[in-house]
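Visitor: Same order as they appear, the protein sequences are chains A and B.
Just so you know, we're using my numbering here: the first sequence kicks off at 5 and counts up by one.
Just so you know, we're using my numbering here: the second sequence kicks off at 7 and counts up by one.
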Amino acid sequence: MRGTVPGRSIWLAANAALMAITLWMIFIWVPTEANLGVIQRALYFHVPIAIISLVAVVLVAIGSVTYLVTNRARWDWFAHASAETGVLVGALTLITGSIWARPIWNVWWTWDAKLTTTLILWFIFVGYLMLRAYAPAGGQGARLAAIVGIIGAIDAPIIYFAADLWRTAHPGRIAGPGAEGSMTSEMGWTLLVSMIAIVSAYSYMLVERYRVRRAEAAVEALSRDASLISARGASASRADVLAAGRV
Amino acid sequence: MGVLGPIWAIARKDLLLEFRNRDIVVSLLVFSLLVLVIFNFAVELTPVNRFVVGPGILWVAVAFAGVIGMNRAFIIEKDRDALDGLMLAPVSRDTLFFGKALGSLVFMLIAEAVLFPVFTVLFDVDILRVETAVIAAMATFGFSAAGTAFAAMAVNTRSREIMLPVLFLPVISPLLIAAVEATARVAEGGSWSDAAQWIQLTAVFDIVFFVAAAVLFHFVLED
């Protein structure tokens with residue numbers, strides 16, 4: 005057994021405690037912003053999540069490139085885990101962004117370059133996950149997914165540039181960002197703590213998903229070996245099967 | 007035969023097959039014309055908005071039809087395992103990619119050569135100009151480069167008919183934006199300079215995706 009379970013339990017507990025502190029800071033400790041009102045508190049969630057969703061795109065690309073170059077399964081697991089958690093934080097970015105936009109810009113959604121890019125990248129990575137589900141298992145599926153991961157990252161700046169240019173060509177379509185508030189030091193601290201809490205929670209999810217992915221691969225290898233052993237007609241003892249599955 | 011010989015041989019095979027059964031071009035054309043007609047009912051066109059809305063509808067028709075054409079181009083290879091035969095040919099994966107992309111490019115251009123005049127008649131937006139032809143050729147080049155790579159991937163999955171549009175359409179969205187805007191500028195009577203930044207964006211997309219698709223195509227067909 006890999007005996008890191010206590011370490012992860014401590015991490016999980018620390019995450020919970022940190023998140024509780026963050027919630028207290030966001031909803032009780034930090035003063036309400038004068039211009040934007042209560043809704044400005046959404047910023048402490050939205051900004052860290054939005055940054056992570058961008059980082060996730062880069063992580064998927066790193067995992068995908070390294071997988072294609074080295075052909076080591078662990079980089080594919082990493083890219084897959086990053087994509088899955090990335091789609092989750094991407095969805096949260098879009099949702100928290102909408103909650104923020106409604107009172108500030110008076111619309112749930114606008115085709116601003118950042119929003120458009122986030123939405124289209126989200127679709128590309130949903131496509132990535134669909135491809136993983138529909139592609140043949142094993143090396144080929146992993147390679148195809150890696151290609152989508154790389155293309156998504158290459159496409160991101162082009163999408164942003166195109167959406168930005170397009171927005172400038174159609175200025176009448178946006179309600180326009182509302183009043184920009186200024187930050188007090190309490191707000192800065194709250195944002196920092198929230199950033200740490202959310203990055204830590206995200207990293208925990210990523211590691212956990214990676215481990216599940218690795219366990220899935222081990223089970224696949226185990227059942228493959230088990231069927232080989234039974235096909236050979238040998239009397240496979242439980243110890244043999246377990247030994248075969250230890251990768 | 008130089009470098010271009012094998013590429014042309016692969017494209018020629020597709021063109022010859024197409025010349026005999028006319029599967030792809032006819033389905034591309036009929037489908038894209040239908041999209042024009044359906045959108046005509048969906049959107050209220052006025053003399054004022056047709057220059058803005060028209061090019062958008064035109065390129066949606068091209069993109070949707072393109073998806074169908076690219077899928078078809080690889081499904082015929084997958085049926086009866088023709089793709090395996092193609093991979094056994096003593097040419098590099100690049101050559102396969104360029105050959106298939108060239109075939110798709112020609113199919114789409116033939117369909118557009120009919121679609122654009124019909125669009126001009128139906129929507130009363132004159133796009134039969136040199137500028138539009140250049141824009142269309144550039145955008146279609148990017149479509150077929152990216153589309154060929156994605157179609158080769160999608161054909162290896164279950165439910166390949168849905169996989170291609172789901173992967174392809176978000177990725178080409180910058181190209182679609184550029185093509186629509188460039189066409190709209192020209193249709194409004196603008197010159198090269200009015201459409202310049204959109205043409206530049208199309209060129210950037212074409213170069214980036216031509217290179218990326220050609221490099222990544224190796225991994226699609228690896229066995």
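By construction, the Cβ of each residue, glycine as well, lies at the ideal position given by its N, Cα and C atoms.
Identify, in the order they occur along the chain, each residue of the same chain with its Cβ nearer than 7 Å to the Cβ of valine 161 of chain B, setting aside the five sequence neighbours on each side.
Guide: Phe80, Ile81, Lys84
Visitor: Looking at the structure shown, is glycine 195 of chain B part of a helix, part of a strand, or coil, going by DSSP?
Guide: coil
Visitor: Hey, does phenylalanine 225 of chain B have any beta-carbon neighbour from chain A nearer than 9 Å?
Guide: Yes, phenylalanine 225 of chain B lies at the interface with chain A (some Cβ there is under 9 Å from its Cβ).
Visitor: Between which two residues does the alpha helix (DSSP H) carrying methionine 187 of chain A extend?
Guide: Careful: methionine 187 of chain A lies outside any alpha helix (DSSP H) and carries neither H nor E.
Visitor: Mapping DSSP to helix, strand and coil, what is glutamate 37 of chain A?
Guide: The DSSP-derived three-state label of glutamate 37 of chain A is strand.
Visitor: What span of residues does the alpha helix (DSSP H) with glutamate 114 of chain B cover, start to end?
Guide: Here the sequence assigns methionine to residue 114 of chain B, which means glutamate is not the residue at that position. It spans 99-129 - the alpha helix (DSSP H) in which methionine 114 of chain B sits, taken as one unbroken run.
Visitor: Using a beta-carbon distance below 9 Å, is arginine 76 of chain A in contact with chain B?
Guide: No, arginine 76 of chain A does not count as interfacial toward chain B.
Visitor: Going by other Cβ atoms of all chains shown within 10 Å of its Cβ, with 16 needed for buried, is glutamate 88 of chain A buried or exposed?
Guide: By the 10 Å Cβ count, glutamate 88 of chain A comes out buried.
Visitor: Closest to alanine 222 of chain A by C-alpha separation, out of A:Arg78, A:Ala24, A:Thr26, would be which residue?
Guide: When each option's Cα is compared against that of alanine 222 of chain A, the closest is A:Arg78.
Visitor: What's the gap between the Cα of tryptophan 15 of chain A and the Cα of tyrosine 208 of chain A?
Guide: 8 Å
Visitor: Would you kindly work out how many angstroms separate the C-alpha atoms of leucine 170 of chain B and glycine 145 of chain A, rounded to a whole number?
Guide: 15 Å
Visitor: Classify arginine 141 of chain A as helix, strand or coil using the three-state DSSP reduction.
Guide: Correcting the residue type first, residue 141 of chain A is alanine in the shown sequence and not arginine. Alanine 141 of chain A falls in the coil class under three-state DSSP.
Visitor: Residues of chain A with a CB under 8 Å from the CB of valine 177 of chain B: which are they?
Guide: Ile128, Ile155, Gly156, Asp159
Visitor: Please list the terminal residues of the continuous alpha helix (DSSP H) segment that includes glutamate 93 of chain B.
Guide: The question names glutamate, but residue 93 of chain B in the sequence shown is methionine. It spans 88-94 - the alpha helix (DSSP H) in which methionine 93 of chain B sits, taken as one unbroken run.
Visitor: How would you call tryptophan 104 of chain A, buried or exposed, if buried means at least 16 neighbouring beta carbons within 10 angstroms?
Guide: buried
Visitor: Tell me which residues of the stretch 129-162 of chain B have at least one Cβ-Cβ distance to chain A shorter than 7 Å, keeping chain order.
Guide: Met159, Asn162
Visitor: Aspartate 200 of chain B by DSSP, collapsed to three states: which one?
Guide: helix
Visitor: Quick check on this structure: which residue in B:Ser98, B:Phe174, B:Val68 has the alpha carbon closest to the alpha carbon of alanine 119 of chain B?
Guide: Among B:Ser98, B:Phe174, B:Val68, the Cα nearest to that of alanine 119 of chain B belongs to B:Val68.
Visitor: Among B:Ala152, B:Ala209, B:Leu39, which residue has its Cα nearest to the Cα of proline 123 of chain B?
Guide: Per the Cα distances, B:Leu39.
Visitor: Hey, is leucine 148 of chain A's beta-carbon within less than 9 Å of any beta-carbon in chain B?
Guide: It does; some Cβ of chain B falls within 9 Å.
Visitor: At the level of alpha carbons, what is the spacing between leucine 22 of chain B and valine 112 of chain B?
Guide: 12 Å
Visitor: For asparagine 46 of chain B, which three-state DSSP category applies?
Guide: helix
Visitor: Taking leucine 133 of chain A as the query, report the chain B residues whose CB atoms sit under 7 Å from its CB, ordered along the chain.
Guide: Against chain B, the beta carbon of leucine 133 of chain A has no neighbour under 7 Å; the closest one sits roughly 10 Å away.
Visitor: Using a Cβ cut-off of 9 Å, pull out every chain A residue sitting near methionine 169 of chain B, in sequence order please.
Guide: Ordered by position in chain A, the residues that pass the 9 Å Cβ test against methionine 169 of chain B are Gly131, Met134, Leu135, Tyr138, Ala139.
Visitor: On a Cα-Cα basis, can you pick out the residue from B:Thr208, B:Val9, B:Ile44, B:Ala17 that is closest to isoleucine 162 of chain A?
Guide: B:Thr208
Visitor: For isoleucine 25 of chain A, which residues in the same chain have their Cβ closer than 8 Å to its Cβ, ignoring the five residues on either side in sequence?
Guide: Val197, Ala201
Visitor: So which residues of chain A does serine 165 of chain B contact, with C-beta pairs closer than 7 Å?
Guide: Tyr138
Visitor: How about the stretch 118-129 of chain A and the stretch 152-171 of chain A: do they share at least three Cβ pairs that are nearer than 8 Å?
Guide: yes
Visitor: Hey, could you find the ends of the alpha helix (DSSP H) aspartate 80 of chain A is sitting in?
Guide: 77-109
Visitor: Would you verify that the beta carbon of leucine 125 of chain A is, or is not, closer than 9 Å to some beta carbon of chain B?
Guide: For leucine 125 of chain A, the closest Cβ of chain B is nearer than 9 Å.
Visitor: Classify isoleucine 32 of chain A as helix, strand or coil using the three-state DSSP reduction.
Guide: helix
Visitor: Given a threshold of 16 other Cβ atoms within 10 Å of its Cβ, counted over all protein chains shown, does arginine 177 of chain A qualify as buried or as exposed?
Guide: Any answer about arginine 177 of chain A is weak, because its pLDDT of 49 lies below 50 and its placement is not dependable; what the coordinates show is given next. Counting Cβ neighbours within 10 Å, arginine 177 of chain A comes out exposed, since fewer than 16 surround it.
Visitor: For alanine 205 of chain A, collect the residues of the same chain with a Cβ closer than 6 Å to its Cβ; drop the 5 residues on either side in sequence, then sort them by chain order.
Guide: Closer than 6 Å at Cβ, skipping near neighbours: Asn19.
Visitor: Leaving aside the five residues before and after leucine 98 of chain A along the sequence, list all residues of the same chain whose C-beta is less than 7 Å from its C-beta, in chain order.
Guide: Thr122, Leu123, Trp126
Visitor: By the DSSP assignment, the alpha helix (DSSP H) with tryptophan 14 of chain B in it spans what residues?
Guide: In this chain, the alpha helix (DSSP H) harbouring tryptophan 14 of chain B covers 10-27.
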